[in-house]
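Engineer:
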Amino acid sequence: MEGDIKSTDQIAGHLNVRVERISQPDVNINLVTLDAKGSEKQHQLQLRVQGEPVSGQLSLTGSFDREAARWKGTLSDTRFQTPVGPWSLNRAIALDYRNKEQKISIGPHCWLNPNAELCVPQTIDAGAAGRAVVKSQPL
Numbered sequence: 000m001e002g003d004i005k006s007t008d009q010i011a012g013h014l015n016v017r018v019e020r021i022s023q024p025d026v027n028i029n030l031v032t033l034d035a036k037g038s039e040k041q042h043q044l045q046l047r048v049q050g051e052p053v054s055g056q057l058s059l060t061g062s063f064d065r066e067a068a069r070w071k072g073t074l075s076d077t078r079f080q081t082p083v084g085p086w087s088l089n090r091a092i093a094l095d096y097r098n099k100e101q102k103i104s105i106g107p108h109c110w111l112n113p114n115a116e117l118c119v120p121q122t123i124d125a126g127a128a129g130r131a132v133v134k135s136q137p138l
């Protein structure tokens, strides 16, 4: 692990984490890397996992408004290899977390697999209670 975090009028810095060889029954992770950098106003994170039965990666970018206690971001470049084949996002997912309300909005998106498609066609608003429409269809 390597990092440097500074807290002035705005928190900023970077963090790099590398974990090798995690084993549990039926799960072997060869490598996990996490790279995070930026400031409250503009930051990014990349996560990569190499292992069995699951491996994959994701990227997250975002910004935090301290006065509004609100984080907005985008989940992108996301794909996973699973026992049922590869899964990937058809587009970046918009995320909006409102801390005062304890709610998150998750934008419409689809997870694609060579044999199936799992879609969230409408924005999900979730908090202590929530509701989501999910559509699944074979390809």
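Take 0 as the starting number for the sequence shown in numbering that gives the first Met the number 0 and just add one per residue. Note that CB positions come from ideal geometry on N, CA and C, so glycine has one too. Keep in mind the model is a prediction, meaning the values are calculated, not measured.
If you run the structure through DSSP and keep just helix, strand and coil, what is P85?
Structural biologist: strand
Engineer: What does the Cβ neighbour count give for H108, buried or exposed, with the cut at 16 atoms within 10 Å?
Structural biologist: buried
Engineer: Excluding the five sequence neighbours on either side, which residues of its own chain have a C-beta within less than 6 Å of the C-beta of N29, listed in chain order?
Structural biologist: Q49 and G50
Engineer: Using a Cβ-Cβ cut-off of 6 Å (strictly less than) and excluding sequence neighbours within five positions of Q43, which residues of its own chain qualify?
Structural biologist: G37 and T60
Engineer: Near Q45, which residues of its chain fall below 6 Å by C-beta distance, leaving aside the five closest residues on each side in sequence?
Structural biologist: D34 and S58
Engineer: Does DSSP put Q136 in a helix, a strand or coil?
Structural biologist: Strand at Q136.
Engineer: Between S135, A127, K99 and A91, which lies nearest to W70 when the distance is taken from Cα to Cα?
Structural biologist: Selected option, being the one with the closest Cα: K99.
Engineer: Can you name the residues that DSSP bridges to N27?
Structural biologist: S22 and E51
Engineer: Let me know if G72 comes out buried or exposed under the rule of 16 or more other beta-carbons within 10 Å of its beta-carbon.
Structural biologist: buried
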